[in-house]
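Chains Y and C supply the protein sequences, listed in that same order. When we follow the numbering used here, the leftmost residue of the first sequence carries the number 243, and every step to the right adds one. When we follow the numbering used here, the leftmost residue of the second sequence carries the number 921, and every step to the right adds one. Heads up, the beta-carbon is just placed ideally off N, CA and C, and yes, glycines get one too.
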Amino acid sequence: MHLSRFSSALLAAAAVVALMSSQPAAAADQKVLKITAIVEHPALDACRKGTLDELADEGFVEGKNLSVEFQSAQGDVGTAGQIAKKFVGDNPDVIVAIATPSAQAAVAAAHGTIPIVFSAVSDPMGAKLVSDMNKPGANVTGVTDRLPLEKHIAMMKPVVPGLKTLGVLYNPGEANSVSEVNRLKLLAKDQGITVIEGPAPDSNSVLGAARSLVGKVQAIYTPTDNTVVSALEAVVKVGIDAKLPVFAGDTGSVPRGAIAAVGFNYYDVGRQTGKIVGAILKGQKAGDIAVQGVDKTELSVNPGSAAKMGITLPEALVQSAKEVVK
Amino acid sequence: MSSIAFFGAIESGLMFGLVALGVYISFRVLEFPDLTVDGSLPLGAAVASTLIVHGWNPYLATLIAMFAGAAAGFVTAWLNVRLKILNLLASILTMIALYSVNLRVMGRPNQALLNTDTIFTSLDGLQLPYYFSSLLVYALVAIGVMLLLNWFLGSQVGLAMRATGANARMARAQGINTDRMILLGMAISNSLVALAGALFAQSQGGADVSMGLGVIVVGLAAVILGEAIMPTRIIWMATIACLLGSILYRLVVAVALNASFIGLQAQDLKLITAVLVAVAMTLPTMRSKFALRKMGGKA
């Protein structure tokens, strides 16, 4: 009995401590921003830094007229839910949620009461964060880190004049790749380009998949597919042997032999997120702001590899590249 | 702390309380160190959310998720009692396999449930504050499961299961089929964990393949914390201790989330949680030591 009475006292004490240890309220003229991420890793941290830097440029300086609290769930989805509920209870002006699980937890906890700006979510529609990319309607908008496929097609067209058939190498088991390839097919169709798939379920079958495209396509493209990227050298080899230009979805593949790629970094994803947050702090409604893809992209080219594949990169393209691999 | 954060902590506590009850059956009743839960929690979430997205009734989907969890626990037990694989390894194997199974079930790494009818939305008609209605569902389920478990562990089969964990040779000598008890107990244990996952997915907006990470640690911490704060020699007290331990753990996390005023930062969260749990666990023993000293060591 002794112990059980003690334990109930302990629980009560914990509850009291919990209730009383609320944070000092922000000053009246301060805007309150809460940021949550599912886990700390370089890309997501860069995204958060970009957000705060952009807000500072817009006149919302952390510590001056903006109070910022950051919480990471440290990989624990249960904690992500608790962070979301804590943030909603604190009633901030905006919640920024980085990566899909944190964004879902925030949207579920907010019940439409607090504006939520998600960031680094690859498929906001599939994650049911928004039902319409252009007019989200509810209190949710944000930045998606899906591939800038429009720019990828625009990059390939001048290099391969009269591009009509494009081969795509990817692993049908990777969810992100499947959705990107489906999107690419729709976009390519509008531009009169037929997409031919080369499915590679594991890295050993990448070479075979690349060879299967020879003779059927004018160029090979790989999205940011983990399987294909890990065996990119095999694709480059086929490109050189068959004189087929190989394009990539990430700039990291260019030094490895892809002739060109349009990529982006997560700091810029964060800056775009900050711009949306700034607009909301200035009075715009989250539901009126369209979900954005990444605006600021970087072009990398590899003229040496292009020569081996029998292609001369247009001078204008090389000039506009941020990085030229020698 | 706001009331939303406070009720949210109780809610998570009750959710992980279901996990703690499952872990109590495997670790304490059966003495079976079971890591399957890291896979069966997302399995429950995956099955429930996938079925709900395909238009199934949320209650039925949750029930099927429990059966899926039971199947996972059964596989672990079967690997152990039939194939004679060491219990810990058997559970690790099932846990690893479930990662692929969960991806298969969902067809992708994340299955969203936002703006979908769930068990929780069926309470919307009651006009309660939203952070209270989901708490109500968790409380009803957790207490209901706890009462059922109390009844079960006091029944003939339940007593046989407890005997299996306490002394397997003795139990066999009394004519108890201990293999069958392990199979049954592990199935029940993991069905409770899957139930937690199914409810969690519905209240938190979706299932994610990574959501099982470290569930066993939290579940075990809740069981041990519960044992530290109250006596657990009687079954019904032990099951209450599971729920209370879990709630206390989540309150500790909530306090840790509010600890920024003393200069602590986001990355310190797990450290603060661990320190607070350690403090909570040592307080009762400190207290009883003082009590003994006061009574001149006569107690």
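Residue i and residue j closer than 7 Å at C-beta
i: Phe994 of chain C; j: Ala1107 of chain C; result: yes
i: Ala417 of chain Y; j: Pro1029 of chain C; result: yes
i: Val338 of chain Y; j: Ile518 of chain Y; result: no
i: Ala451 of chain Y; j: Leu411 of chain Y; result: yes
i: Gly529 of chain Y; j: Gly379 of chain Y; result: yes
i: Val437 of chain Y; j: Pro497 of chain Y; result: no
i: Thr970 of chain C; j: Ala992 of chain C; result: no
i: Gln1124 of chain C; j: Ala279 of chain Y; result: no
i: Ser1111 of chain C; j: Met1026 of chain C; result: no
i: Pro343 of chain Y; j: Asp1128 of chain C; result: yes
i: Gly1146 of chain C; j: Leu1164 of chain C; result: yes
i: Phe1040 of chain C; j: Gln1094 of chain C; result: no
i: Leu950 of chain C; j: Gly1117 of chain C; result: no
i: Ala490 of chain Y; j: Ala476 of chain Y; result: no
i: Gln188 of chain Y; j: Leu1189 of chain C; result: No statement about residue 188 of chain Y is possible, as the shown extent of chain Y runs from 243 to 568 and does not include it.
i: Ile1192 of chain C; j: Lys327 of chain Y; result: no
i: Val382 of chain Y; j: Val349 of chain Y; result: yes
i: Val1135 of chain C; j: Tyr944 of chain C; result: no
i: Ala285 of chain Y; j: Met397 of chain Y; result: no
i: Asp335 of chain Y; j: Leu523 of chain Y; result: yes
Coarse secondary structure for residue i, derived from DSSP in three states
i: Glu296 of chain Y; result: helix
i: Phe302 of chain Y; result: coil
i: Ser911 of chain C; result: Residue 911 of chain C falls outside the range modelled here, since chain C spans only 921 to 1219, and no answer is possible.
i: Gln1187 of chain C; result: helix
i: Phe994 of chain C; result: helix
i: Phe1040 of chain C; result: coil
i: Glu565 of chain Y; result: strand
i: Pro545 of chain Y; result: helix
i: Leu1104 of chain C; result: helix
i: Lys439 of chain Y; result: The sequence shown places Glu at residue 439 of chain Y, not Lys. Glu439 of chain Y: strand per DSSP, three-state reduction.
i: Ser364 of chain Y; result: coil
i: Lys406 of chain Y; result: coil
i: Gly535 of chain Y; result: coil
i: Thr383 of chain Y; result: strand
i: Gly552 of chain Y; result: coil
i: Leu308 of chain Y; result: strand
Through-space distance from residue j to residue i, alpha-carbon basis
i: Pro556 of chain Y; j: Val402 of chain Y; result: 10 Å
i: Leu294 of chain Y; j: Val281 of chain Y; result: 18 Å
i: Ala1194 of chain C; j: Leu999 of chain C; result: 34 Å
i: Val1138 of chain C; j: Phe936 of chain C; result: 8 Å
i: Leu1171 of chain C; j: Ala1200 of chain C; result: 11 Å
i: Asp1226 of chain C; j: Thr982 of chain C; result: A question about residue 1226 of chain C goes unanswered here, because the residues of chain C that appear run from 921 up to 1219.
i: Gly546 of chain Y; j: Met1131 of chain C; result: 45 Å
i: Asn1097 of chain C; j: Gly1064 of chain C; result: 28 Å
i: Leu1003 of chain C; j: Arg1100 of chain C; result: 14 Å
i: Ala1062 of chain C; j: Gly368 of chain Y; result: 31 Å
i: Ala1114 of chain C; j: Leu938 of chain C; result: 9 Å
i: Gly1078 of chain C; j: Ala1148 of chain C; result: 24 Å
i: Thr1205 of chain C; j: Ala1211 of chain C; result: 10 Å
i: Gln265 of chain Y; j: Thr956 of chain C; result: The pLDDT assigned to Gln265 of chain Y is 47, lower than 50, so where the model puts this residue is not dependable; a value taken from the coordinates is nonetheless given after this. Cα to Cα, the separation comes out at about 39 Å.
i: Phe1072 of chain C; j: Ser922 of chain C; result: 38 Å
i: Asn977 of chain C; j: Thr996 of chain C; result: 29 Å
i: Ala965 of chain C; j: Ser1053 of chain C; result: 20 Å
i: Arg948 of chain C; j: Asp954 of chain C; result: 11 Å
i: Gln460 of chain Y; j: Thr554 of chain Y; result: 15 Å
i: Lys377 of chain Y; j: Asn1070 of chain C; result: 52 Å
i: Leu1008 of chain C; j: Leu1060 of chain C; result: 33 Å
i: Gln313 of chain Y; j: Ile325 of chain Y; result: 7 Å
Expected contact under 8 Å - CB spacing of residue i and residue j to nearest Å
i: Ile1167 of chain C; j: Leu934 of chain C; result: 7 Å
i: Thr642 of chain Y; j: Glu422 of chain Y; result: For residue 642 of chain Y there is no data in the structure shown, the boundaries of chain Y being 243 and 568.
i: Asp332 of chain Y; j: Lys273 of chain Y; result: So it is not a contact: roughly 13 Å between Cβ atoms.
i: Val480 of chain Y; j: Leu429 of chain Y; result: Rounded, the Cβ-Cβ distance is 24 Å, inconsistent with contact.
i: Thr1038 of chain C; j: Ile972 of chain C; result: 6 Å
i: Val504 of chain Y; j: Val488 of chain Y; result: Not a contact, Cβ separation roughly 14 Å.
i: Gly440 of chain Y; j: Leu426 of chain Y; result: Not a contact, Cβ separation roughly 13 Å.
Chain-ordered neighbours of residue i on chain Y, where CB pairs are closer than 7 Å
i: Arg1028 of chain C; result: Ala417
i: Ala1186 of chain C; result: Phe312, Gln313, Ser314
i: Lys1190 of chain C; result: Gln316
Within chain C, the residues that residue i reaches when beta carbons sit closer than 7 Å
i: Asp332 of chain Y; result: Ser922
i: His353 of chain Y; result: Tyr1050
Where residue i meets chain C, residues with beta-carbon distance less than 8 Å
i: Thr386 of chain Y; result: Those within 8 Å of Thr386 of chain Y in chain C number zero; the least Cβ separation is about 14 Å.
i: Val349 of chain Y; result: Leu1034, Gly1125
Contacts that residue i makes with chain C (C-beta to C-beta distance below 9 Å)
i: His283 of chain Y; result: In chain order: nothing, as chain C lies at least about 12 Å away.
Cross-chain neighbours of residue i in chain Y, by beta carbon under 8 Å
i: Val1138 of chain C; result: Asp318, Gly320
i: Ser946 of chain C; result: Correct list: empty, because the minimum Cβ distance to chain Y is about 19 Å.
Heavy atom of the ligand PLP within 6 Å of residue i beta-carbon
i: Phe926 of chain C; result: Ligands displayed in this structure: none; no statement on the ligand PLP is therefore possible.
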